[in-house]
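Numbering (the numbering used here), first residue to last: 3 to 200. Encoded as structure tokens, the structure appears first; notes follow it.
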Ligand SMILES: [Zn+2]
């Protein structure tokens, strides 16, 4: 009997794409979102490597509708049909925090999918849309954990989502002021999340 097709190798991001897009001091136009899924069994977290990868937003090029990274990711998640009898933790590492529209979509998803815990770790806070603070608070209220990426998460993503062209041990090259910037953003986010709606 012929064997089935080999599982498709998951795609990795190239180094420069990661460094350009996740740099917490830059303002790139694109948004990248890396994701991973763990099955929660009692105290154990079992990584599900089939559900690990990344997406990015789609521009308005080629007549396609402009689409942020989060709805693309939500569609991908829906295609997995995760068992509603089980519990999962989904972690996303996103280069820009969700805009208010995407926060709304993620919040709706969480309300409809109680078997999923969501952690959102962002490299930068997206402040260009009005209402972004309320969007982040709504995510937290819906049970999502929202935090800024620290050096630890940048190193983790570098190791897990980036293609090192056979040089597996290549260590993450932090940019100047990465830690200072991350700490500043963490404080700012804490202020946003603590703020009470009037
Ligand atoms: Zn968005």
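Here a beta-carbon is modelled for each residue, glycine too, at the ideal position from N, C-alpha and C. These figures come from a predicted structure and were not determined experimentally.
(1) At which residues does the alpha helix (DSSP H) containing residue 82 begin and terminate?
(2) Using beta-carbon positions only, say whether residue 155 and residue 194 come within less than 8 Å of one another.
(3) In chain order, which beta strand (DSSP E) runs of at least 3 residues are fully inside the region 78–112?
(4) Taking 7 Å as the line, does the beta carbon of residue 30 fall inside it for any heavy atom of ligand 1?
(5) With contact counted as at least three CB pairs below 8 Å, one residue from each stretch, are the region 168–180 and the region 126–145 in contact?
(6) State the Cα-Cα distance for the pair residue 55 and residue 197, rounded to the nearest angstrom.
(7) What's the gap between the Cα of residue 191 and the Cα of residue 96?
(8) Given 7 Å as the limit, tell me if residue 101 has its C-beta closer than that to any heavy atom belonging to ligand 1.
(9) Provide the residue(s) that pair with residue 126 in DSSP beta bridges, ordered along the chain.
(10) Name the two residues that bound the continuous beta strand (DSSP E) containing residue 162.
(11) Is the beta carbon of residue 72 within less than 7 Å of some heavy atom of ligand 1?
(12) Please find out if some non-hydrogen atom of ligand 1 comes closer than 7 Å to the beta-carbon of residue 104.
(13) Take the Cβ of residue 143 as the centre, count every other Cβ of all protein chains shown within 10 Å, and call the residue buried at 16 or more, exposed below.
(14) Which word fits residue 80, buried or exposed, when buried means at least 16 other C-beta atoms lie within 10 angstroms of its C-beta?
Reading it off the structure:
(1) Start and end: 71–82.
(2) For residue 155 and residue 194, no; Cβs fall outside 8 Å.
(3) Taking 3 residues as the minimum length, the beta strand (DSSP E) runs contained wholly in the region 78–112 are 89–98, in order along the chain.
(4) Residue 30 Cβ: outside cutoff for every heavy atom of ligand 1.
(5) With a cut-off of 8 Å on Cβ pairs, the region 168–180 is not in contact with the region 126–145, counting fewer than three such pairs.
(6) Roughly 33 Å between the two C-alpha positions.
(7) Whole-angstrom Cα-Cα distance: 15 Å.
(8) At least one heavy atom of ligand 1 lies less than 7 Å from the C-beta of residue 101.
(9) Within the DSSP bridge table, the entry for residue 126 names 98 as partners.
(10) Counting along the chain, residue 162 falls outside any beta strand (DSSP E), though it belongs to the alpha helix (DSSP H) covering 153–163.
(11) Result yes, Cβ under 7 Å from ligand 1.
(12) Flag set: Cβ of residue 104 near ligand 1.
(13) Around the Cβ of residue 143, a 10 Å sphere holds fewer than 16 other Cβ atoms; the residue is exposed.
(14) Answer is exposed; the Cβ neighbour count stays below 16.
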